[in-house]
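Under the working numbering, the residue at position 320 of the sequence shown is numbered 320, and the numbers go up by one with no gaps. Idealized CB from N, CA, C, for every residue including glycine. From a predicted model like this one, the values you see are computed outputs, not experimental measurements. To start, the structure under review is shown below, and the notes come after it.
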Amino acid sequence: MGDLEFDLVERKASWSGDAPDKGRQAVCAFANDLPNHRKPGVLFIGARDDGSPSNKRITDKLLHPLSDIKTDGNILPPPSIVVEKRILLNQEMAVITVQPADAPPVRYKGRIFIRIGPRRGIATAQDERMLNEKRKHRDIPFDVQPIPSCSLKDLSRLYFEQEYLPQAIPQEMILANDRSYVERLASCKMISSAETTIPTVLGLLTIGIRSRDWLPGAFIQFLRIDGFDLPDSIFDETLIDGNIAQVLYRCEEKLESHNRISVDLKSKSTEVRDTPYPRVALQQILRNAVMHRTYEGTNAPVRVCWFNDRIDIHNPGGPFGTVTPENFGQPGLTDYRNPNLADAMKTLGFVQRFGVGITIAQAELRKNGNPPIEFHPSRTSVLAILRRKP
1 MGDLEFDLVE RKASWSGDAP DKGRQAVCAF ANDLPNHRKP GVLFIGARDD
51 GSPSNKRITD KLLHPLSDIK TDGNILPPPS IVVEKRILLN QEMAVITVQP
101 ADAPPVRYKG RIFIRIGPRR GIATAQDERM LNEKRKHRDI PFDVQPIPSC
151 SLKDLSRLYF EQEYLPQAIP QEMILANDRS YVERLASCKM ISSAETTIPT
201 VLGLLTIGIR SRDWLPGAFI QFLRIDGFDL PDSIFDETLI DGNIAQVLYR
251 CEEKLESHNR ISVDLKSKST EVRDTPYPRV ALQQILRNAV MHRTYEGTNA
301 PVRVCWFNDR IDIHNPGGPF GTVTPENFGQ PGLTDYRNPN LADAMKTLGF
351 VQRFGVGITI AQAELRKNGN PPIEFHPSRT SVLAILRRKP
């Protein structure tokens, strides 16, 4: 707390005014670790600039929003942080420890923040190139690993420039710089780097023209079965592929077409509309499956099997990281096999907030009168069963 190496330390006397915004900028900058310290950065709440305590009382009301920094979707990919209440110099303080990101650059509200010495600011084009170069030499997640047999022609420039980029980067920043197409692809992790223009797994999934040529399992298999078991008659069968947005939109349209609303005009003075499954619950569980599945070492798709009494959603890839078969589905507990894909889905509007999808789905099912979701996680897959409303 008394260290004068300012590029690893930030202090806030309180968490009011512009402190939440400036604090998130600091977390983003620590995660980017432009000086390449490979050490965590530390944000103190309850300390003045000189390191002396500001005598701020640290309560759960403060600690909860600090913990939300990781999951509120403003910093992407989600940073690795630990939030603690500590006693320092005989006074309470909140301490946020931020680990350097494995796959920089990290953005806060679309902007890349960095620190060099006491300065905190927005990365220049050269800073971005340095962060991209750091990413190449680390043990990076599978979703930003390059696919050597691909080339730029396998990515849709039109979709990237007209759909993805305007949602990923603030318009004023796009207009203010003169970065090339490949530099922008590299900044968004769609290619390995501006110098090595090999598409990444993320690039193929997000803006790929034919992603299944290299990722055979990147699709959803939909079955509507007129019965209660797989051998029963198939009423509707569809293979849904394309980029991640196309896959989700088309599958959600398919679910909506089978989720028929009944209208009761007789039992009450006004019409009563009823649906077998709440739309939001179906969306949340489907998007979770696509986000958290493994695309490595398997050619299996996400499978959606709609029976007369239930919907089974099979996700290739078992629990990951801090999520285990024993704690699977607990509110707020999440980890990311594909952190950069989660970032892209947030950018495209499929995720509003991290770590709450299952909680939202369970609440919507309860409100609609459905039983709670049944999860059956194994080492290699997760099965989610949504029961029809009685």
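Whole-angstrom distance between Pro372 and Ala281, CA atom to CA atom
Reading the sequence shown from its first residue, position 281 is the one you call residue 281. Reading the sequence shown from its first residue, position 372 is the one you call residue 372. If you draw a straight line from the Cα of Ala281 to the Cα of Pro372, it comes to about 10 Å.
So is Ser176 buried or exposed if we call it buried at 16+ other beta carbons inside 10 Å?
Against the sequence shown, residue 176 aligns to sequence position 176. Note that residue 176 corresponds to Ala in the displayed sequence, not to Ser. Ala176 is exposed by the Cβ-count criterion.
Go through the region 40-114 residue by residue and report every complete run of the alpha helix (DSSP H) that reaches 4 residues or more, in order.
Entirely contained in the region 40-114, the alpha helix (DSSP H) runs reaching 4 residues are, in chain order, 60-67.
Which class does Ile12 belong to by DSSP, given the choice of helix, strand or coil?
Residue 12 sits at position 12 when you count from the first residue of the sequence shown. Going by the sequence as given, residue 12 is Lys instead of Ile. In this structure, Lys12 counts as strand in the three-state DSSP scheme.
Beta-carbon within less than 6 Å of Ala29's beta-carbon, same chain only, minus the 5 sequence neighbours each way: which residues are those?
Taking the sequence shown and counting its residues from 1, one reaches residue 29 at position 29. The beta carbon of Ala29 sits closer than 6 Å to the beta carbons of Phe113, Ile114, Arg115, Arg120 from its chain, once the five residues preceding and following it are set aside; these are given in chain order.
Who are the near neighbours of Phe160 in its chain, counting only those whose CB is closer than 6 Å to its CB and skipping five residues on each side?
Taking the sequence shown and counting its residues from 1, the one referred to as residue 160 is at position 160. Closer than 6 Å at Cβ, skipping near neighbours: Ile207.
In terms of DSSP beta bridges, what is Gln221 paired with?
Translated into the one-based positions of the sequence shown, residue 221 becomes position 221. DSSP output for Gln221 lists Leu239, Arg303 as bridge partner(s).
Taking only three categories from DSSP, how would you classify Leu383?
Locating residue 383 in the sequence shown gives position 383, counting from the first residue. For Leu383, the secondary structure class from DSSP, reduced to helix, strand or coil, is strand.
Looking at C-beta atoms only, is the number of pairs between the region 246-260 and the region 284-291 that lie closer than 8 Å three or more?
Touching, yes.
Helix, strand or coil, according to DSSP, for Ser257 in the structure here?
Mapped onto the sequence shown, residue 257 falls at position 257. Here Ser257 sits in helix by DSSP.
Helix, strand or coil at Thr347 according to DSSP, with G and I counted as helix
Residue mapping note: residue 347 aligns to position 347 of the sequence shown, counting from 1. The answer is helix: DSSP assigns Thr347 an H, G or I state.
Using CA coordinates, which residue listed in Tyr108, Pro65, Thr380, Trp306 is at the minimum distance from Glu296?
On the sequence shown, position 296 is the one that residue 296 refers to. Cα-wise, what sits closest to Glu296 is Thr380.
Pick out whichever of Pro331, Leu89, Ala123, Lys56 has its Cα sitting closest to the Cα of Gly2.
The count along the sequence shown starts at 1 and reaches residue 2 at position 2. Nearest option by C-alpha distance: Leu89.
With 16 other CB atoms within 10 Å as the buried threshold, where does His376 fall?
Working through the sequence shown from its first residue, we reach residue 376 at position 376. His376 should be labelled exposed.
Look at the alpha carbon of Lys70 and the alpha carbon of Asp343, and state the distance between them as a whole number of angstroms.
Numbered from 1 along the sequence shown, position 70 holds the residue referred to as residue 70. Numbered from 1 along the sequence shown, position 343 holds the residue referred to as residue 343. C-alpha separation (whole angstroms): 12 Å.
What's the C-alpha gap between Tyr181 and Asp72?
Position 181 of the sequence shown holds residue 181. Position 72 of the sequence shown holds residue 72. Straight-line measurement puts the Cα of Asp72 at about 29 Å from the Cα of Tyr181.
Within 8 Å, do at least three Cβ pairs link the region 147-161 to the region 197-205?
Yes, since at least three Cβ pairs between the region 197-205 and the region 147-161 fall closer than 8 Å, the two stretches touch.
Which residue from Phe44, Val106, Ile244, Glu172 puts its Cα closest to that of Val82?
For the purposes of this step, residue 82 is identified with residue 82 of the sequence shown, where counting begins at 1. Residue Phe44 is the option with its Cα nearest to Val82.
In terms of residues, what are the limits of the alpha helix (DSSP H) holding Pro166?
Position 166 of the sequence shown, counted from the start, is the residue given in the question as residue 166. Start and end: 165-168.
Can you tell me whether DSSP reads Asp21 as helix, strand or coil?
The residue you call residue 21 lines up with position 21 of the sequence shown. Note: Asp21 maps to helix in three-state DSSP.
Do you know how far the Cα of Asp309 is from the Cα of Arg157?
What you label residue 157 is simply residue 157 of the sequence shown in a count that begins at 1. What you label residue 309 is simply residue 309 of the sequence shown in a count that begins at 1. C-alpha of Arg157 to C-alpha of Asp309: approximately 43 Å in a straight line.
Measure the C-alpha to C-alpha separation of Gly317 and Leu365 and round it to an integer number of angstroms.
For this step, residue 317 is matched to residue 317 along the sequence shown. For this step, residue 365 is matched to residue 365 along the sequence shown. When rounded, the distance between both Cα atoms is 25 Å.
Just reading off the alpha helix (DSSP H) that Asn368 is part of, what are its end residues?
As a first step, residue 368 must be located in the sequence shown, where it is residue number 368. It spans 357-368 - the alpha helix (DSSP H) in which Asn368 sits, taken as one unbroken run.
Neighbourhood of Leu204 by C-beta, 8 Å cutoff - its chain only, sequence neighbours within 5 removed
Residue mapping note: residue 204 aligns to position 204 of the sequence shown, counting from 1. Contacts found: Ile147, Cys150, Asp154, Leu155, Ser211, Trp214, Leu215, Ala218.
Reference Tyr164, options Gln145, Arg353, Cys188, closest by Cα:
Along the sequence shown, one-based indexing puts residue 164 at 164. Nearest of Gln145, Arg353, Cys188 to Tyr164, Cα basis: Cys188.
Spatial distance of Thr124 from Leu230 (CA atoms):
Mapped onto the sequence shown, residue 124 falls at position 124. Mapped onto the sequence shown, residue 230 falls at position 230. Taking the straight line joining both Cα atoms gives about 55 Å.
On the CB-based measure, 16 or more other CB atoms within 10 Å of its CB, does Gln25 come out buried or exposed?
The residue given as residue 25 occupies position 25 in the sequence shown. Under the 10 Å beta carbon count, Gln25 is surrounded by 16 or more other beta carbons and is classified as buried.
Less than 8 Å between the CB atoms is what I'm expecting for Ile261 and Asp274, so what's the real figure, rounded?
Residue mapping note: residue 261 aligns to position 261 of the sequence shown, counting from 1. Residue mapping note: residue 274 aligns to position 274 of the sequence shown, counting from 1. Correct: roughly 7 Å between the Cβ atoms.
Looking at the structure shown, is Glu121 part of a helix, part of a strand, or coil, going by DSSP?
Within the sequence shown, the letter at position 121 stands for residue 121. The amino acid at residue 121 is misidentified as Glu; the sequence shows Gly. DSSP places Gly121 in strand when its eight states are reduced to three.
Beta-carbon proximity of Trp306 to Arg224, cut-off 9 Å
By one-based count along the sequence shown, residue 306 stands at place 306. By one-based count along the sequence shown, residue 224 stands at place 224. Between Trp306 and Arg224, the C-beta spacing is below 9 Å.
Bridge partners for Phe375 per DSSP, in chain order?
Position 375 of the sequence shown, counting from 1, holds the residue named residue 375. Bridge partners of Phe375: Ala384.
Nearest candidate by alpha-carbon position, reference Val356, set Glu84, Asn243, Gly332
Start at 1 with the first residue of the sequence shown, and residue 356 comes out as number 356. Checked all of Glu84, Asn243, Gly332; the closest Cα to Val356 is Gly332.
Can you look up Gly317 in the DSSP assignment and give me helix, strand or coil?
In the sequence shown, residue 317 corresponds to position 317, counting from 1. It is coil, neither helix nor strand.
Please name the residue, chosen from Ala13, Asp143, Ser193, that lies closest to Arg337 on a Cα-to-Cα basis.
Numbered from 1 along the sequence shown, position 337 holds the residue referred to as residue 337. Minimum Cα distance to Arg337 is reached at Asp143.
Among Ala245, Ala103, Ser192, which residue has its Cα nearest to the Cα of Asn36?
Here residue 36 refers to the residue found at position 36 when the sequence shown is read from its first residue. Nearest C-alpha to Asn36: Ala103.
Quick one: which unbroken alpha helix (DSSP H) runs of 4-plus residues sit fully inside the region 138-203? Chain order, please.
For the alpha helix (DSSP H) assignment, the uninterrupted runs of no fewer than 4 residues enclosed by the region 138-203 are, from N- to C-terminal side, 165-168, 171-176, 181-187.
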